[in-house]
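Enquirer: Dropping the structure in here first, questions after.
Protein chains: 2
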Amino acid sequence: MSSMANFQPLYKQVYELLTARLVSGQWKASAPIPSEMALAKELGVSQGTVRKALNQMVAEQLLERQQGKGTFVAEHTQESSLFRFFRLREPHGESLIPRTQVLSSLRRAAKKNEREIFSLDSNEQVVELRRLRFLKDTPIICEKVIQPLSIFPDIDKEPQLPNSLYTLYQEKYGISIVSVNDELRAHTLPSEFAELLELPVGAPVLAVERASKHIDGRVVELSYAYCNTERFVYSVQHK
Amino acid sequence: MSSMANFQPLYKQVYELLTARLVSGQWKASAPIPSEMALAKELGVSQGTVRKALNQMVAEQLLERQQGKGTFVAEHTQESSLFRFFRLREPHGESLIPRTQVLSSLRRAAKKNEREIFSLDSNEQVVELRRLRFLKDTPIICEKVIQPLSIFPDIDKEPQLPNSLYTLYQEKYGISIVSVNDELRAHTLPSEFAELLELPVGAPVLAVERASKHIDGRVVELSYAYCNTERFVYSVQHK
DNA sequence: CAGTGGTCTAGACCACCTT
DNA sequence: AGGTGGTCTAGACCACTGC
Numbered sequence: 028m029s030s031m032a033n034f035q036p037l038y039k040q041v042y043e044l045l046t047a048r049l050v051s052g053q054w055k056a057s058a059p060i061p062s063e064m065a066l067a068k069e070l071g072v073s074q075g076t077v078r079k080a081l082n083q084m085v086a087e088q089l090l091e092r093q094q095g096k097g098t099f100v101a102e103h104t105q106e107s108s109l110f111r112f113f114r115l116r117e118p119h120g121e122s123l124i125p126r127t128q129v130l131s132s133l134r135r136a137a138k139k140n141e142r143e144i145f146s147l148d149s150n151e152q153v154v155e156l157r158r159l160r161f162l163k164d165t166p167i168i169c170e171k172v173i174q175p176l177s178i179f180p181d182i183d184k185e186p187q188l189p190n191s192l193y194t195l196y197q198e199k200y201g202i203s204i205v206s207v208n209d210e211l212r213a214h215t216l217p218s219e220f221a222e223l224l225e226l227p228v229g230a231p232v233l234a235v236e237r238a239s240k241h242i243d244g245r246v247v248e249l250s251y252a253y254c255n256t257e258r259f260v261y262s263v264q265h266k
Numbered sequence: 028m029s030s031m032a033n034f035q036p037l038y039k040q041v042y043e044l045l046t047a048r049l050v051s052g053q054w055k056a057s058a059p060i061p062s063e064m065a066l067a068k069e070l071g072v073s074q075g076t077v078r079k080a081l082n083q084m085v086a087e088q089l090l091e092r093q094q095g096k097g098t099f100v101a102e103h104t105q106e107s108s109l110f111r112f113f114r115l116r117e118p119h120g121e122s123l124i125p126r127t128q129v130l131s132s133l134r135r136a137a138k139k140n141e142r143e144i145f146s147l148d149s150n151e152q153v154v155e156l157r158r159l160r161f162l163k164d165t166p167i168i169c170e171k172v173i174q175p176l177s178i179f180p181d182i183d184k185e186p187q188l189p190n191s192l193y194t195l196y197q198e199k200y201g202i203s204i205v206s207v208n209d210e211l212r213a214h215t216l217p218s219e220f221a222e223l224l225e226l227p228v229g230a231p232v233l234a235v236e237r238a239s240k241h242i243d244g245r246v247v248e249l250s251y252a253y254c255n256t257e258r259f260v261y262s263v264q265h266k
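Top to bottom, those sequences are chains A and B.
Be aware that the first sequence starts at 28, since it is given in the working numbering, and climbs by one per residue.
Be aware that the second sequence starts at 28, since it is given in the working numbering, and climbs by one per residue.
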């Protein structure tokens, strides 16, 4: 080799390759991926090296392994994905499953900041979706979701949106949300949302601005949510 | 062995043992801990098994490793520990170092919920500390910290509290905060804090209720903070 | 130079699942 | 029984650090 400047550990190269395969969608969520031995033989590395790459992917929750059965693409199914990033719960209590009602959906040109965040061309369109979420039949969150049409073609034509959008993203568009970045503020409730949340105008609400990232690192969804935190809290565990 | 019911992988036993050593404080933060080879020989296991235990501790940010130099107790020093759990920053920007001013400190009997959370006897005392934190010379957070005296003897006698309490906990009391659990709400600002935060009574503020845990899993500190989020946001990254 | 951690391999044995 | 992942070992070589 002419230079060591591009040196990458073998296990990392394997990790990159396998992650690319996962992203490309060539592994079905229902069947196990090839075994350690099969991958090692195919790639010409030792089983231990494949194992190290696979374990890193497990740590990032891209894969799940079961002794004796095999290694599987992590299923970000309804409930688990809802729980994974949805952080509202009863004080000191458990997570709850929210119910969701779609309020409206419209296409419009992307704004300047959206074009920057999503890396869009100047005339591209996005879908702006408004939803109301309920916990225990109480309206608790009013949210606005921004989706680029170039990433989610005709998503506004979907007949019925599931409770968890991330499931739809994965199944219909091959987009796996692996990390989200939330910025939280306290706001006074804007008048346009007061009736929906059954709160007086000016009541304090938690404003959550979220950017969601696909496996490849691109931001593919933005959302802005106003949460009533009278009876529920946003919970964070740092380790 | 008479039964396999208590089977634990070797590396996990090593992990437990080394974590216990770390907690006991017998490793100085300045000097490297024994090398992989030395630990492997002492414990009668292979170097690879020691490595697996050490790498797990690195993943939990209990240790830090540097190629060629050695393995060190993670320094939760001023800046790094402040950044680790302190989540207020400029929108879309970097973390900032807060300045801190102590307002008051008093001893009192533990309340019922505090006795439960800290596992205290019925007549034990706690210290209630009030502080004001500044970002860029703007008062931004008013907080109340609860510390059990049985865990932090005479902490209210400390002549000068550092900007980061966690540093003091580690150096003087052998308490390492390894995880915190925050519950966030939007509140209206109570009148007692309005003047301190230079905000009108009733302004929306972010209320953060935090429980901090020592390595052994015990909650050793509670804090209640009111944050002005007009110019700064509480940032969370989920992976 | 010797000592440290980082990577990579090969092989053994175990526990678990399916057939 | 045969295949899977999980653990453990031993040894080789590399990269970085400090003397």
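Note that beta-carbon positions come from the ideal geometry of N, C-alpha and C, so glycine has one too.
This structure is a prediction, so every number in the text was calculated from the model and none was measured.
Which residues in the same chain as B/S203 place their Cβ atom closer than 6 Å to its Cβ, once the five residues preceding and following it in sequence are excluded?
Expert: Q197 and I242
Enquirer: Exposed or buried, B/D134, counting other C-beta atoms within 10 Å across all chains shown (16 or more means buried)?
Expert: Position check: residue 134 of chain B holds Arg in this sequence, whereas Asp was assumed. Exposed, by the Cβ-count rule.
Enquirer: Is the region 164 to 171 of chain A in contact with the region 82 to 101 of chain A, if contact means three or more CB pairs nearer than 8 Å?
Expert: Between the region 164 to 171 of chain A and the region 82 to 101 of chain A there are fewer than three inter-stretch CB-CB distances shorter than 8 Å, so the stretches are not counted as touching.
Enquirer: Tell me which same chain residues have a C-beta within less than 6 Å of the C-beta of B/A137, skipping the five on either side of it?
Expert: L147, E151 and V153
Enquirer: Where does the unbroken alpha helix (DSSP H) through A/N140 begin, and where does it stop?
Expert: K139 to F145
Enquirer: Looking at the unbroken alpha helix (DSSP H) that takes in B/E123, where does it start and where does it end?
Expert: Looking at the sequence itself, residue 123 of chain B is Leu, so the reference to Glu does not match. No alpha helix (DSSP H) contains B/L123, which DSSP labels as neither H nor E.
Enquirer: Which chain B residues are close to A/N208, counting only those with a beta carbon under 9 Å from its beta carbon?
Expert: S262, V263, Q264 and H265
Enquirer: Three or more C-beta pairs under 8 Å: does that hold for the region 90 to 101 of chain A against the region 57 to 73 of chain A?
Expert: yes
Enquirer: Below 7 Å on C-beta distance, what does B/T256 contact in chain A?
Expert: R212 and A213
Enquirer: Would you list, in sequence order, the uninterrupted alpha helix (DSSP H) runs of no fewer than 4 residues that lie entirely inside the region 192 to 225 of chain B?
Expert: 192 to 200 and 218 to 224
Enquirer: From what residue to what residue does the beta strand (DSSP E) around B/T98 run?
Expert: G97 to V100
Enquirer: Quick check on the DSSP output: the alpha helix (DSSP H) that includes B/L270 runs from which residue to which?
Expert: Nothing about residue 270 of chain B can be reported from this structure: the residues present for chain B run from 28 to 266 only.
Enquirer: Could you tell me if A/A65 is buried or exposed, where buried requires 16 or more neighbouring beta carbons within 10 angstroms of its beta carbon?
Expert: exposed
Enquirer: Determine the extent of the alpha helix (DSSP H) in which B/T46 is found, giving its start and end residues.
Expert: L37 to S51
Enquirer: Between the region 206 to 216 of chain A and the region 248 to 262 of chain B, can you find at least three pairs of beta-carbon atoms closer than 8 Å?
Expert: yes
Enquirer: Where does A/S177 sit, in a helix, a strand or coil, going by DSSP?
Expert: Look at A/S177 here: in three-state DSSP terms it is coil, with no helix or strand label.
Enquirer: Does A/F220 get closer than 8 Å to chain B when you measure Cβ to Cβ?
Expert: Cβ-Cβ to chain B under 8 Å: no for A/F220.
Enquirer: My guess is that B/L109 and B/S191 are in contact by the Cβ rule of under 8 Å, so how many angstroms apart are they, rounded?
Expert: Indeed, because the Cβ distance is near 5 Å, the residues count as touching under 8 Å.
Enquirer: Under 9 Å between beta-carbons, which chain A residues line up against B/P59? List them in chain order, please.
Expert: Residues of chain A passing the Cβ test: none, with the nearest at roughly 24 Å.
Enquirer: What does DSSP give as the partner residues of A/T76 in its beta bridges?
Expert: Note: A/T76 sits in no beta bridge, so no partner.
Enquirer: Using the Cβ count rule (16 or more neighbours within 10 Å means buried), how would you classify B/P180?
Expert: exposed
Enquirer: Check the Cβ of A/F112 against every Cβ in chain B and list those closer than 9 Å, keeping chain order.
Expert: H265
Enquirer: Please return the same chain residues whose Cβ sits closer than 6 Å to the Cβ of A/P36, not counting the five positions on each side in sequence.
Expert: none
Enquirer: To be precise: take each residue of the region 229 to 248 of chain A, compare its Cβ to all Cβ atoms of chain B, and keep it if any distance is under 7 Å. Which residues remain?
Expert: P231, V232 and L233
Enquirer: With 16 other CB atoms within 10 Å as the buried threshold, where does A/T165 fall?
Expert: exposed
Enquirer: So the beta strand (DSSP E) A/A252 belongs to, where does it begin and stop?
Expert: V246 to C254
Enquirer: If you check the beta carbons only, do A/R126 and A/R160 fall under 8 Å apart?
Expert: yes
Enquirer: Per DSSP, which one or two residues make a beta bridge with A/K171?
Expert: Per DSSP, the beta-bridge partners of A/K171 are A/R157 and A/Y251.
Enquirer: Check whether the Cβ atoms of A/Y261 and A/A234 sit closer than 8 Å, and answer yes or no.
Expert: no
Enquirer: Would you identify the three-state DSSP class for A/Q83, choosing helix, strand or coil?
Expert: helix
Enquirer: Starting from B/P118, find everything on chain A with Cβ-Cβ shorter than 9 Å and list it in chain order.
Expert: Per Cβ cutoff of 9 Å: E210, R212 and E236.
Enquirer: Return the residue from the list B/E87, B/S250 and B/R237 that minimises the CA-CA distance to B/Y42.
Expert: Out of B/E87, B/S250 and B/R237, B/E87 has the C-alpha closest to the C-alpha of B/Y42.
Enquirer: Here's the rule: buried if 16 or more other CB atoms are within 10 angstroms of the residue's CB, otherwise exposed. What is B/E248?
Expert: buried
Enquirer: Out of A/P186, A/R142, A/E143 and A/L115, state which residue places its alpha-carbon closest to the alpha-carbon of A/S131.
Expert: A/P186
Enquirer: Between the Cα of B/T194 and those of B/Q93, B/I178, B/R78 and B/E102, spot the shortest distance and give me the residue it belongs to.
Expert: B/E102
Enquirer: Beta-carbon of B/A47 versus every beta-carbon of chain A: anything under 8 Å?
Expert: no
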